[in-house]
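Residues -23 to -1, 1 to 190 in mature numbering (1 follows the signal peptide of the UniProt record, and there is no 0) are what the sequence shown lists, from first letter to last. Beta carbons: idealized from backbone N, C-alpha and C, even for Gly. A quick write-up on the structure given underneath.
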Amino acid sequence: MKAIPRAFMLMAFLAASVGQAHAITIQFDISGLASLGPDVLFGIDFIDGDGPSNSVSVRDINTNGTAGPVTLVGGASVSAGGYLLEDTVFYTSLLLEYSGGTQLSLQFNPTNNAPAPGMFADMLAIYVLDGSSGLPSIYTDEPLGTNALMSWTASGLNSGDLLVYGPSSPAPVTWSGTYIEDQNLISEPSALPLLAIGLIVLATGSLRKDGWL
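Right, dumping it as structure tokens:
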């Protein structure tokens, strides 16, 4: 019996290897905002570590407060259903002001491209600031002293690196950041499908030549 050409076996392997990736969704929730005063400012910063570009969409913003001014800095823009943060500059920021509310929730959808060798990873962070002074309303145990409530870093692996920090002293405000599993798979951009197609053509010709077809 003639052996099936190696090209055909490789083609079958590569075709089976063309995978799918899930979209990353991060849910952020915070409550107890009334204890911080009448006006609360949410700062969402996106820092470009250089290397491959990433972006973050901010959407599904829900609160029982009244929305105030929105400030867009750097690569921040309004998009359908929310806002888009792009690392077109080193520092990108979105400032959302609310008054009279007790809670807020929103979702982030970041891309997760790994940093280039020797470069820093792109990073997202969220803060709560005083609406009048712009200073932190909540001090956290974030190790660099930025007082971020939550940070996410584009590692290029799995869903990136999500860290949620706690208050540095007892506070009447509680918050959480969690991944939400997205069951809607999206195609992984790759050259493998094209390579598999080419191997199919080569394998088919080889099979015909050897009398398999």
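Measuring C-alpha to C-alpha distances from valine 47 to each of Val33, Glu74, Gly122 identifies Glu74 as the nearest. Ranked by Cα distance from tyrosine 142, the first of Gly78, Phe97, Leu121, Phe67 is Leu121.
Assignment of serine 12 by DSSP, reduced to helix, strand and coil, places it in the helix class. Leaving aside the five residues that flank proline 92 on each side, the residues in its chain whose CB is nearer than 6 Å to its CB run, in chain order, Gly26, Gly28, Ala98.
The beta-bridge partner set that DSSP reports for methionine 100 consists of Ile24, Thr130. Looking at the backbone, the Cα of threonine 2 and that of proline 87 are separated by about 7 Å. The Cβ atoms of valine 105 and leucine 49 lie no closer than 8 Å to each other.
In the three-state reduction of the DSSP assignment, leucine 18 falls in the strand class, which pools E and B. Taking a C-beta distance under 8 Å as the contact criterion, serine 82 and glutamine 4 qualify as a contact pair. Counting the other CB atoms within 10 Å of its CB gives glycine 154 a total of 16 or more, which places it among the buried residues.
Taking a C-beta distance under 8 Å as the contact criterion, isoleucine 103 and alanine 125 qualify as a contact pair.
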